[in-house]
Amino acid sequence: MRSANGHTAAQVSSENRTVAVLLCVALAFSALALQLVWLGFKGQASARISMNEPIARAFARPDIVDRNGRLLATDLDTPSLYADPALIIDIDEATEQLAEIFPDIDQAQMRLTLADKSRRFIWIRRGLSPRVAQRVHDLGLPGLAFRREPRRTYPMGHLAGHLLGGVSVDNRGIAGLEKFIDETKGVEAVLGSKPSSKVPVRLSLDLGVQHGLEDELTAAVARYAAQGAAGIVMDAQTGEIIAAASLPAVDPAWPKQAQDPTRLDKNATGVYELGSIFKLFTIAQALDQGAARLDTVYDVRAPLRIGRHQIRDPHPAGRPLTLREVFVLSSNVGAAQMALKAGARSQQAFLSRIGLLKPARTEAGPTAKASLPARWGEIETATISFGHGLAVSPLRFVSAAASLLNGGFAVEPTLLLTGGRAPDQRSRVISGETSAALAALMRRNVTAPYGTGRRADVSGFEVGGKTGTAEIAIGGQYREDAVISSFLAMFPASGPKYVVLVMLHRPQASIESGGQITAGLNAAPTVARVIARIAPLTGVSPASVQTQFDAFRSAK
Numbered sequence: 005m006r007s008a009n010g011h012t013a014a015q016v017s018s019e020n021r022t023v024a025v026l027l028c029v030a031l032a033f034s035a036l037a038l039q040l041v042w043l044g045f046k047g048q049a050s051a052r053i054s055m056n057e058p059i060a061r062a063f064a065r066p067d068i069v070d071r072n073g074r075l076l077a078t079d080l081d082t083p084s085l086y087a088d089p090a091l092i093i094d095i096d097e098a099t100e101q102l103a104e105i106f107p108d109i110d111q112a113q114m115r116l117t118l119a120d121k122s123r124r125f126i127w128i129r130r131g132l133s134p135r136v137a138q139r140v141h142d143l144g145l146p147g148l149a150f151r152r153e154p155r156r157t158y159p160m161g162h163l164a165g166h167l168l169g170g171v172s173v174d175n176r177g178i179a180g181l182e183k184f185i186d187e188t189k190g191v192e193a194v195l196g197s198k199p200s201s202k203v204p205v206r207l208s209l210d211l212g213v214q215h216g217l218e219d220e221l222t223a224a225v226a227r228y229a230a231q232g233a234a235g236i237v238m239d240a241q242t243g244e245i246i247a248a249a250s251l252p253a254v255d256p257a258w259p260k261q262a263q264d265p266t267r268l269d270k271n272a273t274g275v276y277e278l279g280s281i282f283k284l285f286t287i288a289q290a291l292d293q294g295a296a297r298l299d300t301v302y303d304v305r306a307p308l309r310i311g312r313h314q315i316r317d318p319h320p321a322g323r324p325l326t327l328r329e330v331f332v333l334s335s336n337v338g339a340a341q342m343a344l345k346a347g348a349r350s351q352q353a354f355l356s357r358i359g360l361l362k363p364a365r366t367e368a369g370p371t372a373k374a375s376l377p378a379r380w381g382e383i384e385t386a387t388i389s390f391g392h393g394l395a396v397s398p399l400r401f402v403s404a405a406a407s408l409l410n411g412g413f414a415v416e417p418t419l420l421l422t423g424g425r426a427p428d429q430r431s432r433v434i435s436g437e438t439s440a441a442l443a444a445l446m447r448r449n450v451t452a453p454y455g456t457g458r459r460a461d462v463s464g465f466e467v468g469g470k471t472g473t474a475e476i477a478i479g480g481q482y483r484e485d486a487v488i489s490s491f492l493a494m495f496p497a498s499g500p501k502y503v504v505l506v507m508l509h510r511p512q513a514s515i516e517s518g519g520q521i522t523a524g525l526n527a528a529p530t531v532a533r534v535i536a537r538i539a540p541l542t543g544v545s546p547a548s549v550q551t552q553f554d555a556f557r558s559a560k
């Protein structure tokens with residue numbers, strides 16, 4: 005049968021069904037659209053997932069470079085592994101597979117964590133190497149995924165590790181120069197891996213000098229069977245630290261190493277009685293205050309008695325000594341006589357004026373406070389004159405020594421490339437004449453055949469220096485077989501530019517040291533090796549080369 009318009013009943017029925025289906029589809033889409041609009045106004049649904057998932061932030065950090073622009077620290081784009089417990093199918097399988105790659109995982113805790121289906125984001129391990137990330141990827145486990153993050157990397161390994169410090173898992177500075185960057189330069193919070201837009205932090209360190217210092221200290225520890233060592237190279241004119249090392253070393257990529265008591269930074273966190281290198285300060289005071297001249301004579305033939313105490317020279321000269329000889333022969337009796345003539349109050353005031361009694365502070369953090377005697381009386385004045393009874397940090401000691409040898413201007417240590425202050429902006433602590441006399445004494449101590457520092461001489465570089473062998477107090481008693489052996493050096497003596505300190509902690513007698521543990525036989529030759537290695541890197545020309553150059557300029 006056909007309808008009035010010529011369609012059969014079957015065709016009409018089919019058209020009606022089509023219209024009905026289309027109408028249902030339209031109604032369904034309309035309902036869905038209304039639902040999405042309603043959810044949008046209500047602020048739920050997909051927004052709820054974002055709110056339940058923590059924002060995984062990291063921090064982009066500026067590079068750290070040495071004075072010549074060579075890289076010490078940078079951020080690398082690295083994968084970090086996370087889990088979505090709601091998508092984990094087999095918790096036991098996932099835990100066991102991950103434990104094969106990360107053996108230190110607490111499997112019981114991991115199972116509990118992955119069982120919490122209300123959580124949508126859990127960090128498993130951050131800052132993975134490409135090899136480890138590939139192993140995890142190859143597991144093919146649902147619910148595991150990666151995010152890209154910046155991770156701090158130190159291309160030079162442990163080099164300058166104590167100074168650089170370290171960062172947290174979020175790339176925030178927690179110690180050393182890294183902490184200084186957070187506090188002063190600032191870091192940038194980022195989602196994902198985005199490089200820092202900040203300019204690199206340029207340090208005063210020279211990587212070549214740093215490597216040479218660390219390498220020679222490591223060799224010295226092995227050569228003299230020492231328990232540790234420390235060393236500093238400082239620009240005497242500016243206070244800029246060119247290199248600083250403490251052994252055992254730490255790797256800045258593993259910040260927890262720095263918490264090991266055996267790995268503390270000896271230059272900054274330790275304080276030590278440094279022995280006869282303190283005589284530099286005693287003689288500086290006597291000369292600068294006009295209490296003595298270089299040819300002033302001191303009768304050191306007999307030990308010096310103070311109450312029930314007796315001060316004697318390790319190697320008595322058996323005759324009176326001039327001030328020059330007191331320094332070169334390292335007479336304790338002569339130094340004590342100078343200090344006692346000045347008095348305790350004057351000694352304390354002088355040491356305070358040159359900055360020795362207050363903590364130093366660099367961009368890597370503060371140094372430890374000096375350990376002062378509870379009573380600063382006559383015997384304390386005498387023993388401090390030759391480096392016992394007053395313990396200071398090596399970094400503070402070096403900056404105070406630099407202030408005496410650079411012409412007499414106070415300097416403070418810094419790890420930033422500053423260029424230093426102009427001479428008229430620096431405060432004077434001693435006269436230029438006294439400073440020149442001290443440099444000459446230190447040079448004489450190295451060149452004289454009987455000088456305690458003669459093994460520190462380096463041909464062509466005019467090295468000057470002073471030895472120090474300080475017995476360590478153990479259980480309240482000084483031990484002759486346990487010493488800190490140190491050598492303070494400067495070069496070139498004709499115009500001191502660099503100050504170098506090497507300290508060996510509890511060296512042992514060896515064939516190379518002639519069966520002795522004194523500084524002249526271990527610390528002094530170590531300094532010679534350091535200077536021979538680093539001097540060409542600092543721009544200081546050997547004296548013969550400089551003489552030829554000056555002659556050439558004069559001829560022109």
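For what it's worth, our numbering labels the leading residue of the sequence shown as 5, then goes sequentially.
Where a beta carbon is used, it is the ideal one built from N, C-alpha and C, also for glycine.
Tyrosine 302 burial status per 10 Å Cβ neighbour count (16 or more: buried): buried
Per-residue burial, proline 453 [other beta carbons within 10 Å of its own, 16 or more giving buried]: exposed
Residue(s) in a DSSP beta bridge with leucine 207: Leu420
Segment contact flag, the stretch 290-298 with the stretch 523-532, C-beta cutoff 8 Å, min 3 pairs: no
Inter-residue spacing [alpha-carbon to alpha-carbon] between lysine 270 and aspartate 94: 51 Å
Reference glutamate 97, options Arg74, Ile128 and Leu145, closest by Cα: Leu145
Whole alpha helix (DSSP H) elements within the stretch 306-391, 4-residue minimum: 327-332, 336-346, 348-357 and 382-388
Length at least 4, wholly inside the stretch 102-173: the alpha helix (DSSP H) runs in chain order: Qualifying alpha helix (DSSP H) stretches, in chain order: 111-118, 134-143 and 165-168.
As assigned by DSSP and simplified to three states, the class of leucine 268: coil
Buried versus exposed, by CB contacts within 10 Å (16 or more), glutamine 341: buried
Under the three-state DSSP convention, the category aspartate 81 falls into: strand
Cross-strand partners of isoleucine 236 (DSSP beta bridge): Ala248 and Leu505
Sub-8 Å separation of glycine 180 and leucine 167 beta-carbons: yes
Selected residue, minimal CA-CA separation from histidine 141, among Arg305, Asp299, Leu102 and Asp174: The candidate whose alpha carbon is nearest that of histidine 141 is Leu102.
Strand pairing of leucine 492, partner residues [DSSP]: DSSP, once it has assigned bridges, lists Lys470 and Leu505 as partnering leucine 492.
Test item: CB-CB of aspartate 210 and isoleucine 246 under 8 Å: yes
8 Å Cβ cutoff met for phenylalanine 171 and arginine 152: Looking at the sequence shown, residue 171 is not phenylalanine but valine. No. Outside cutoff.
Own chain, CB closer than 8 Å to glutamine 550, minus 5 neighbours either side, in chain order: Its pLDDT being 49, under 50, glutamine 550 is placed unreliably in this model, and the value from its coordinates should be taken loosely. Result list for glutamine 550: empty, nothing under 8 Å.
Inter-residue Cα distance where the pair is proline 134 and leucine 148: 16 Å
Same chain, Cβ closer than 8 Å to lysine 189, neighbours up to 5 away in sequence not counted: Pro66, Lys202 and Val205
Glycine 177 (DSSP reduced to helix, strand or coil): Looking at glycine 177 - three-state DSSP - the assignment turns out to be strand.
For glutamate 4, the three-state DSSP class (helix, strand or coil): Only positions 5 to 560 of the chain appear in the structure, and residue 4 is not among them; the question remains open.
Helix, strand or coil at aspartate 67 [DSSP, three-state]: Note: aspartate 67 maps to coil in three-state DSSP.
Glutamine 481 in three-state terms, based on DSSP: strand
Pairwise C-alpha distance: proline 363 and threonine 273: 10 Å
Alpha-carbon to alpha-carbon, glycine 468 and proline 496: Near 8 Å, if we compare the C-alpha coordinates of glycine 468 and proline 496.
Serine 463 burial status per 10 Å Cβ neighbour count (16 or more: buried): The residue is exposed, with fewer than 16 neighbouring Cβ atoms inside 10 Å.
Residues bridged to valine 301 (per DSSP): In the DSSP output, where bridge partners are listed per residue, valine 301 has Thr326.
From Leu492, Ala353, Leu420 and Gln314, residue whose alpha carbon lies closest to that of phenylalanine 184: Leu420
Assigned exposure category for glutamate 384 - 16 Cβ within 10 Å defines buried: It is buried - the Cβ of glutamate 384 has at least 16 other Cβ atoms within 10 Å.
6 Å CB neighbourhood of serine 334 in its chain, flanking five on each side removed: The beta carbon of serine 334 sits closer than 6 Å to those of Ser280 and Thr456, all from its chain and outside the five residues before and after it, given in chain order.
CA nearest to the CA of threonine 82, picked from Ala137, Ala229, Pro89 and Asp108: Ala137
Opening and closing residue of the beta strand (DSSP E) in which alanine 193 lies: 192-195
Whole-Å CB distance - glycine 524 paired with threonine 471, under 8 Å assumed: 5 Å
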